[in-house]
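A quick write-up on the structure given underneath.
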Amino acid sequence: MLERLKTYVLKGITFYGLEAYQYQGSVKFRLLEISKKKGDLIVLNNHQLDNIELLQEFARKNHPLYFVCNTDKVITKVLESDPTGKVMTAVEKSFPGLNFENFYFQAVHLNQSLILSVVKREIVEGFVDYFKKIKLHIAGISIGPTSLSEIWDFVKDDYVLTNSEKISLHSNLAPYISITENNDNAPVEYDVNGLRLSNSALLSFSVVLKFLSGDQKTQSNLNELNSKLGTQHRDKKVYGILLQSSIVTILILLLVNFVFFSYYFKKIQQLEQNTLLKDENKTSLTRITSEVAEKEKKVEAILSFSNSKTSFYLDRLAVTVPESILLEELIYQPLSKPVRPSKSIELKEQTIQVIGICRNNSDFSEWISNLEKLPWIESLKTRDYDYENETSSNFKILVHVTEIKK
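If you read the sequence shown in this note's numbering, its first letter stands for residue 4, the second for the next number, and so on.
Structure representation (structure tokens):
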């Protein structure tokens, strides 16, 4: 897991391989977008560009770009491999008096031969300056067909075609490799370890593979430049990740701050509302207390009736009740209307409200008849008589009495 994270931070998972090559007297470009998934390289996009200005349309700025310069400005020679492996000797022998301060060279041993490519520094640095100008992350440079060494062992054909060259193998003739111009426009596909690649994409793919694998096969005076470009790319990559992480962290902190602010702001609003509500309740309580005091006076006036007379009537009424009738409520002077705010309380004066349950209809009728004969009862009204079930009924009667005075 840590190794994957390190690879992502330092190199990324998406890469661009760009080849500049000569075709019919003009410089063309082949751009490959390559992604690394589960350890395998996958070609996502393959673009043919007629000029370098089109590069900005297809290459994103936050991915590393590996560039191979293979135009007619690059001189490539094939030599017999020196048994001593001294590449500098081969370079000086092939290009006598070559000033390494003005030229880049790159060499690779391949099939008992040495492929040697040379180009002026100003050509390579011109491309590098342009890539930096358009904000691309140039991460590595290769020259000539030397990066083909990365896929050479996977190609089983007698020759390999690139965009501009034909590299032929000779089994019995030294040097064992020859490089000629590719005049065949027909596309050719190669199987590179299970990945199908067209000949036009070979160098662009190989240069990416070259730098991802650590470039152990080629020898060059490009090492200092490539080390510098690689460091710059890693610094930009790390800076970009840190910048994004910082932005995300700041946004998270702002979000957390907003959540806490909203929470406490709502709390403050709630406290203010509670304070306001308490003030309103205090005012309402004062008003209600005044109203209650006024109503208490009315109640006291109502209760100023003679308690003895009231007890007399209620006692006499209770005595008349048969055993089959169960009284649930006896209300003396019940409310005439429901109590309403700002309205006076109205009572049914000189009235007793009787509510109960009757288990015998005949007893109830007889009881009502007897009550109507009592001298202290002025009138009697049956308000409700509802059958609850086969054995019982609910009733409510109003008894209007006489001689009840305040």
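Just so you know, even glycine gets a beta-carbon here, dropped at the ideal spot from N, CA and C. Computed from a predicted structure; not experimentally measured.
- DSSP places residue 38 within a strand segment (E or B) once states are collapsed to three.
- Taking 8 Å as the cut-off, the Cβ atoms of residue 333 and residue 348 do not count as close.
- In this model, residue 65 and residue 148 are separated by some 27 Å (Cα to Cα).
- Looking at the backbone, the Cα of residue 55 and that of residue 78 are separated by about 21 Å.
- Distance from the CA of residue 158 to the CA of residue 42, rounded to the nearest whole angstrom, comes to 21 Å.
- Going by C-alpha positions, residue 399 is about 57 Å away from residue 266.
- Nearest to residue 112 by alpha-carbon distance, out of 126, 155 and 70, is 155.
- Its Cα nearest to that of residue 139, the residue 70 stands out among 70, 364, 210 and 49.
- Judged by DSSP in its simplified three-state form, residue 387 adopts strand.
- As for any beta strand (DSSP E) of minimum length 3 sitting wholly inside the segment 126-206, the runs are 140-146, 162-164, 168-172, 180-184, 192-195 and 198-201, ordered along the chain.
- Boundaries for residue 394: no alpha helix (DSSP H) harbours it, and the DSSP string shows neither H nor E there.
- Counting only the Cα atoms, residue 352 lies some 30 Å from residue 391.
- Taking 8 Å as the cut-off, the Cβ atoms of residue 167 and residue 26 count as close.
- With respect to the 8 Å criterion, residue 213 and residue 150 are classified as neighbours on the basis of their beta carbons.
- Residue 323 is positioned such that its CB atom lies closer than 8 Å to that of residue 373.
- By the neighbour-count criterion, in which a residue is buried when 16 or more other Cβ atoms sit within 10 angstroms of its Cβ, residue 142 is buried.
- Under the three-state reduction of DSSP output, residue 43 falls in the strand class.
- Residue 63 and residue 50 have their C-alpha atoms some 13 Å from each other.
- Within the DSSP bridge table, the entry for residue 359 names 330 and 398 as partners.
- Cβ neighbours of residue 317 within its own chain (closer than 8 Å, five residues either side excluded): 333, 335 and 355.
- Per the coordinates, the alpha-carbon of residue 389 lies some 22 Å from the alpha-carbon of residue 403.
- With respect to residue 223, residue 107 sits close: the two C-beta atoms are nearer than 8 Å.
- Look at residue 353 here: in three-state DSSP terms it is coil, with no helix or strand label.
- According to the DSSP assignment, residue 225 belongs to no alpha helix (DSSP H), since it is labelled neither H nor E.
- Distance check between residue 387 and each of 377, 393 and 367 places 367 closest, using alpha-carbon atoms only.
- In the DSSP assignment, the residues bridged to residue 67 are 140.
- Excluding sequence positions up to five before and after residue 80, its CB lies within less than 6 Å of the CB of 97 and 119, all in the same chain and listed in chain order.
- Excluding sequence positions up to five before and after residue 163, its CB lies within less than 6 Å of the CB of 170, all in the same chain and listed in chain order.
- For a cut-off of 8 Å, the C-beta gap from residue 229 to residue 144 is around 6 Å, short enough to register as a contact.
- Exposed is the label assigned to residue 314, since fewer than 16 other Cβ atoms lie within 10 Å of its Cβ.
- Residue state for residue 315 is assigned as helix, using DSSP reduced to three classes.
- In terms of Cβ geometry, residue 36 and residue 24 do not form a close pair [threshold 8 Å].
- In terms of Cβ geometry, residue 109 and residue 221 form a close pair [threshold 8 Å].
- Taken through DSSP and simplified to helix, strand or coil, residue 104 comes out as coil.
- Taking residue 325 as reference, the option from 380, 362, 259 and 99 with the minimal CA-CA separation is 362.
- Taking the CA atoms as reference points, residue 205 sits about 32 Å from residue 242.
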